[in-house]
Structure formats: structure tokens, C-alpha cells
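Chemist: Dropping the structure in here first, questions after.
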Amino acid sequence: MMGKKILIVEDEPIIAEDLRLTLEGIGYSVVGTFSGGRDALQAARTLAPSAVIMDIVLKNGDDGIEYTRQIQRECDVPIVYLTAHMDRGTFDRAQETYPYGYLVKPVGASELFSSIETAIHRHTLEKKLKESEHRYRLLSELVSDGASSVRIDPDGSFHLEWSTNYFREKLGYARGELASIESWARAIHRDDMPLFFRSMDLLRRGEPVSGDFRVLAKSGALHWIHATVYPEWDESQQRLCRVITAIQDVTERKSAEEALRKNEERLQLIANNMQDIICQVDREGIIVYLSPSFRQLTGFDPDEKLGTHIFDGIHPEDVGIVMDAVKKAAGDTMTGRVRYRYRHRDGHYLLLETHGRLLMGDGNEIMSAVFVARDITERAESSARIDENENFFRSLAENLPGIVYRTSLNDGSETCFYNDMLRQITGFPPEELNPGGPCRIECRIHPEDRERVACTVREALLNGTAFTIEYRFMHKDGGVRHFLERGRPVCDEHGRSECIEGIILDVTDSVKLRPRLVSEN
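Residue numbers (my numbering): 699 to 1219.
Following this line, the structure appears as C-alpha cells:
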């Protein structure tokens, strides 16, 4: 029982003394015995007991239930009620405070021991559960814009267990307003309702779903979201019992895609009407017409190529490709598209993309063909470079390490790291950071960046907002790394910031690549 402190609130001196002796006899430390709720409240604030035994009815007029509420609001401590008798009304009031147990006078040692241990153990488990849920919410916010968990009871009712702030901050909905199918159905854009209900049918069968939906914020603004919903299936009852949802706000991406689509349509319209190269050949493939643009593209005068075969100038390795395209067009759609290399006058090869159509005679025989060719050399080379760069940066992004942390704002408190990336990113094990003091990384931030970082964090704490900042870090190997940190203050039930939780990424490689990206663009 070492370290377990009990606070007794009992107005009968004999009973209080008997409780004290019994508790101390079985190994607990009694930090105080009080006959009134006011003194007990003050003691709970200062003595930090492991549990409180609270008499419901106090002779001095104090209400044990009311003081229980006050202690619960101000102190994180389990409370066990003590009573000789209790009517239904008093019991209902007591239940509203979610007590950790009841003791009926007189109390035996074994009953006292089991009630206290059960209360402390349950309180410890609940605290760990809250911390675990909070860490999960934090990670959910760091990797997605919104997340929630909804429990589904056997009667089909929905109960929100937790959610991130996205629904309130971005969509304007208070906690619980988007917890049921009906509430989501009211928010989903009507054109997306068929997809929404098909997704609901899959969920009811225990299948995960994902998709893009338009959602109306409470203000009426339209948001695009990508929702991934994971069902939790109860095998014993053969029903859906919980859904966990992760949401990415893709409004900006959708807007960009729509703008890109419209732009591509305009470009395609222009391209379709541009006479880059227009070429007509007879049924034997002999060129009978070339547009003037042929000179600008290939360096040859059009008249030089009149009377020559269409295959003249095509790279020998590509002649077969072009012949296959012509045969396919002749036996299918009468049109075709093919890419091939064509020799420029100065000897190098261009990559051309050609669209062709066969012109048929009255007897359904091929009379001639018309081709429109475009130079896609630069586009193909650019596409190859873009693909190469995208593959490089995708590989880099997928392997970026990150430190997930929690830093208490209490003086002397250490930083708690939730993964094993500290040594890999900084070179330091926790015990070597800030030797002789609490484990924190601030001491290794570059001196020129420390004040800027501190000001950013102070402003975030003052406003209760998240922050993102990049700074330099002095690595153990003597080098300087660039870190990108994203964090947010976490407040207690009174709105006071008690810690900062966040993630730190090593963006040194990205910083070094910036000049190259600028020069390429």
C-alpha cells in the first residue's frame, strides 16, 4: 500500500477514528480526517490523495454529494461514498456523480480494502484510457484533417465516443451533431446521396469504405472530403458495433483538379484546331500535301517531301509501329494515333504524335489518308523528368522519420517520446539530451533560432492554437539539421495549457533540394 493516501470525510468522530485505524492497519496512509466538506475540499486540493471516502450525510449541514462534485471538478481522484442508510432520491443524486463505490456503515476491513483497491484500480485504468484516446486523437489530427469514433448500440442508436476539432472548426458542427446516418444524410450534397447510401450498405455488412463526398458546412459552404470508414464488427451479435472515420479535406485539391480539367479542355480545343503539320497521302502512301508548318518543325521545305513515301524519315525501328497502326485503323475505326521518331534536317530525331484518318471511296476502298502530327519531344522529355522527380520525392517522403512527443509545461518535467525516432533523427538517446536536467531538445536548437521558436510556441500557448515552425538543430555528429515541427497546446478542464503535443520531422533533405526545384521550375 506504499504511497496510497486516503482522505476521510466523516462527521462521527468514533466512526472516523475507526476508519483511520482500520485503513492504517491494512497498510494505507490516512492524510486527513475531516468532518466538513469545505475543509475536505481544501485538503484534496493540496494533499493529492489516492482516494476519498465521503460520508453522504454530514451533520453540520454540508452535502457530501455536492462536495463530491466540487472535488471531481478540481481534483482527479476517485471517491467512494460512505452511508448508514440512503433513500431512493439520495441514491439517484449520488449516482449522478459516478462514484467509484459505496460503503455501508459499519465497514469491515476486507470490505474497506476491496472497495478502495477497486476504486483506485478503476481510476487508473480510466486515466490510461483517456491518455490513450487523447494520443490517438492527436495522431489522427496529425495524419488527417478529421477523425471520429461512433459506438452503435443493439437498438441502432449512435453514440459519439470522440472526435477531432475538424467538424467544429471547419464545418461548424458542434460535438455530436454529425454522429448518426440521418445527420450525415442532411449534410451530404444531394448528388452524392446514392454513393453515400451504397457506402452505408457496405458498412452494415462489415466492409470498410472510402470515397469522395461533398459536404455542406453549417454556414452553407461546400467542402469536398475524402472519407475512409472502418467498421468494427461484433461476431457474437453479428452486427456493426462501431465505426471509426478518418477524413481528409480535399476541397482545395478538387478545386485545383476542376481548374486543371477546364484548362486541359481549352488546351485540347486549341490543339485540335492547330495545324501543326497536316499531311495527305494517296492510297500508296505517297505524300501529296504538306502544310507550311512542316518547315518550322522538321527543317525541310514541304516541296522537298512531295512525291516521297510517308515512311521516309521515320526512324527504322519505328516503321513497324506505324505500319501496325495503319493496319489497325484500316480494319477497325478508320482512325488511329501513333508515336514515332522522325529525322530532322540537321540529323537529330523528333518524337511526333500523329492522329490519322483513312478516307474511303464509294466502294469502301481506301482512297487516301490525312494525318495531323505534333512535336511532343519536349513534352515527353519533361514528362520523364517529372516522373523521375516525383518518384524521387515520393520515396523521400515515404521514408521521412518523425518524432511524436509530449512536453509538460510544469517546470522540471521531461519530454515524453511516443516512438523510437529520437536517436535516429537527433543522434542523441534521451538520457544525453540536456545532461543534468530534464530531457528536452530545446538545448540543441540552433542559438540563432531559439528565440524565434520560443516566441512561436508562446504565441500558440497564449492563443490556444496549433503551430508549425522550421528551425535548425545541432545534431550529435556536429552537423546542423533542419527540423519541421507541428504541435498544439493541450489544455486541462479549466482551459489552462498543461502540455504541448506534436511531431517533429527532419526536413534537411527537402531544404537542401529547394534551390534545385526553383531552378528546374
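Virtual Cβ for every residue (Gly too), placed ideally from N, Cα, C. Since the model is a prediction, treat every value here as computed from it, not as a measurement.
Is it buried or exposed for V1178, if we count other Cβ within 10 angstroms and need 16 for buried?
Modeler: V1178 is exposed by the Cβ-count criterion.
Chemist: Flag this pair as yes or no: are the beta carbons of I975 and S991 separated by less than 8 angstroms?
Modeler: Yes; because the gap between Cβ atoms is below 8 angstroms, this pair is in contact.
Chemist: Thinking C-beta only, is I706 closer than 8 angstroms to L719?
Modeler: Cβ atoms of L719 and I706: not closer than 8 angstroms.
Chemist: Check whether the Cβ atoms of I1143 and F1171 sit closer than 8 angstroms, and answer yes or no.
Modeler: A contact, by the Cβ cut-off of 8 angstroms.
Chemist: Sort out for me which residues DSSP pairs Q946 with in a bridge.
Modeler: DSSP output for Q946 lists H924 as bridge partner(s).
Chemist: So, at 6 angstroms on beta carbons, what are the nonlocal neighbours of E710 in its own chain, with the 5 sequence-adjacent residues on each side left out?
Modeler: Cβ neighbours of E710 beyond the five flanking positions: none.
Chemist: Taking the C-alpha atoms as reference points, what is the distance between M1058 and E982?
Modeler: If I take the Cα positions, the gap works out to 14 angstroms.
Chemist: From K1174 to E1199, what does the alpha carbon distance come to, in whole angstroms?
Modeler: Approximately 24 angstroms between the Cα atoms of the pair.
Chemist: State buried or exposed for S846, treating a residue as buried only when at least 16 other CB atoms are found within 10 Å of its CB.
Modeler: Per the 10 Å Cβ criterion, buried.
Chemist: What does DSSP give as the partner residues of G1034 in its beta bridges?
Modeler: Answer is G1054, bridged to G1034.
Chemist: So M1065 is in the beta strand (DSSP E); what residue range does that whole segment cover?
Modeler: It spans I1064 to D1073 - the beta strand (DSSP E) in which M1065 sits, taken as one unbroken run.
Chemist: Buried or exposed: which applies to D760, given that a residue is buried once 16 or more other Cβ atoms fall within 10 Å of its Cβ?
Modeler: The residue in question, D760, is buried, as its Cβ has 16 or more Cβ neighbours within 10 Å.
Chemist: Alpha helix (DSSP H) containing D716: first to last residue?
Modeler: P711 to G723 is the span of the alpha helix (DSSP H), which, as asked, contains D716.
Chemist: Identify, in the order they occur along the chain, each residue of the same chain with its Cβ nearer than 6 angstroms to the Cβ of F1091, setting aside the five sequence neighbours on each side.
Modeler: Any reading at F1091 must be qualified, since the residue scores a pLDDT of 37, below 50, and its modelled position is unreliable; no value is offered.
Chemist: Taking the CB atoms as reference points, tell me whether Y800 and I777 lie closer together than 8 angstroms.
Modeler: Result no, Cβ atoms of Y800 and I777 do not sit closer than 8 angstroms.
Chemist: Excluding the 5 residues preceding and the 5 following M784 in the sequence, name in chain order all residues of the same chain whose CB lies nearer than 6 angstroms to its CB.
Modeler: Once the five neighbours on either side are set aside, M784 has no close Cβ partner at all.
Chemist: Where does H1180 sit, in a helix, a strand or coil, going by DSSP?
Modeler: If DSSP states are grouped into helix, strand and coil, H1180 belongs with the strands.
Chemist: Ignore the nearest five residues each way along the sequence and tell me which others in A1067's own chain have a CB closer than 6 angstroms to its CB.
Modeler: Cβ neighbours of A1067 beyond the five flanking positions: V979, G1054 and L1056.
Chemist: Is DSSP giving F732 helix, strand or coil here?
Modeler: Residue state, collapsed to three classes: strand.
Chemist: Taking D890 and R912 to be in contact with their CB atoms under 8 angstroms, please state how far apart those CB atoms are, rounded to whole angstroms.
Modeler: About 5 angstroms separates the two Cβ atoms, so the contact holds.
Chemist: Could you give the residue range of the beta strand (DSSP E) that holds T862?
Modeler: No beta strand (DSSP E) holds T862; DSSP gives it neither H nor E.
Chemist: From which residue to which residue does the alpha helix (DSSP H) around F1165 run?
Modeler: Run containing F1165: none in the alpha helix (DSSP H); it sits in the beta strand (DSSP E), F1165 to M1172.
Chemist: Which one of R1186, D1060 and R1150 has the shortest CA to CA distance from A1164?
Modeler: The shortest C-alpha separation from A1164 is found at R1186.
Chemist: Starting from G1018 and walking both ways along the alpha helix (DSSP H), at which residues does that stretch end?
Modeler: Here the alpha helix (DSSP H) through G1018 covers V1017 to G1029.
Chemist: Going by alpha carbons, who is nearest to I945 out of Y987, D843, S917 and R1035?
Modeler: The shortest Cα separation from I945 among Y987, D843, S917 and R1035 belongs to D843.
Chemist: Spell out a yes or no on whether the stretch 1029-1044 and the stretch 1003-1018 are touching, meaning 3 or more CB-CB pairs, one atom from each, closer than 8 angstroms.
Modeler: Flag = yes, the stretch 1029-1044 and the stretch 1003-1018 touch.
Chemist: Tell me the DSSP secondary structure of K757 in three-state form.
Modeler: K757: coil per DSSP, three-state reduction.
Chemist: Counting only the same chain and skipping the five closest in sequence on each side, list residues whose C-beta sits under 6 angstroms from that of T766.
Modeler: These residues qualify, in order along the chain: M752, I777 and T795.
Chemist: Candidates R849, E1183, R1043 and G725: which alpha carbon is nearest D1010's?
Modeler: Among R849, E1183, R1043 and G725, the Cα nearest to that of D1010 is on R1043.
Chemist: Rounding to the nearest angstrom, what Cα-Cα distance links T1124 and I1139 in this structure?
Modeler: Their Cα atoms are separated by approximately 9 angstroms.
Chemist: Could you tell me the distance, in whole angstroms, from the CA atom of V728 to the CA atom of K703?
Modeler: Whole-angstrom Cα-Cα distance: 6 angstroms.
Chemist: Quick check on DSSP: helix, strand or coil for P1000?
Modeler: Residue state, collapsed to three classes: helix.
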